[in-house]
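In the working numbering, the protein residues as written are 857 to 996.
Backbone N, C-alpha and C fix where the C-beta goes; we use that ideal spot for every residue, glycine too.
What you are looking at is a predicted structure, and each value in this text was computed from that prediction instead of being measured.
For reference, the structure discussed in these notes is given below.
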């Protein structure tokens with residue numbers, strides 16, 4: 857009879873440890889997800905503030921509105937006749953990414969960085985964009 861009690865006690869103890877480990881893992885996961893949620897929230901607000909800090913202009917084209925940056929050369933005088941770099945962004949970004957791509961060239965050049973249609977500040981649908989991609993840059 858004494859053996860039955862000790863076996864039962866071992867099973868209970870093992871079961872309790874399993875519950876504690878599982879509870880600890882759940883608590884750790886919840887804490888991790890909470891921290892990541894806070895970090896994501898802060899990053900989104902930081903990105904929104906950065907986008908709001910750009911001197912965005914809007915061009916009204918035949919296909920819709922296109923947001924863009926027109927950054928003068930970083931020289932002492934704002935030379936509007938300086939050579940121009942038209943910087944087009946890639947897949948994940950808008951005028952902000954296009955500007956970052958060429959920021960090292962900003963001293964002698966004027967940089968024009970449009971936000972392609974469907975990206976921040978530009979208003980045309982992606983379906984319309986596929987049909988009229990080349991003409992909208994000629995319009996610009």
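query: Quick check: the Cα distance between residue 907 and residue 878, rounded to an integer number of angstroms?; result: 43 Å
query: At which residues does the alpha helix (DSSP H) containing residue 918 begin and terminate?; result: Per DSSP, residue 918 belongs to no alpha helix (DSSP H) and is neither H nor E.
query: Do you know how far the Cα of residue 926 is from the Cα of residue 955?; result: 10 Å
query: Looking at C-alpha atoms only, which residue of 937, 949, 885 and 892 is the closest neighbour of residue 965?; result: 937
query: So is the beta-carbon of residue 892 under 8 Å away from any non-hydrogen atom of the ligand FAD?; result: Within the structure as shown, the ligand FAD is missing, as the structure has no ligands at all.
query: Considering only C-alpha positions, which residue in the set 911, 921, 901 and 884 is nearest to residue 978?; result: 921
query: What span of residues does the alpha helix (DSSP H) with residue 969 cover, start to end?; result: That residue, residue 969, is in no alpha helix (DSSP H); its beta strand (DSSP E) goes 966-970.
query: Among 903, 901 and 924, which has the Cα closest to the Cα of residue 911?; result: 924
query: According to DSSP, simplified to helix, strand and coil, what is residue 883?; result: helix
query: Suppose you measure from the CA of residue 928 to the CA of residue 889; what does that come to, to the nearest Å?; result: 44 Å
query: With DSSP as the reference, identify every bridge partner of residue 924, one or two as the case may be.; result: 913 and 970
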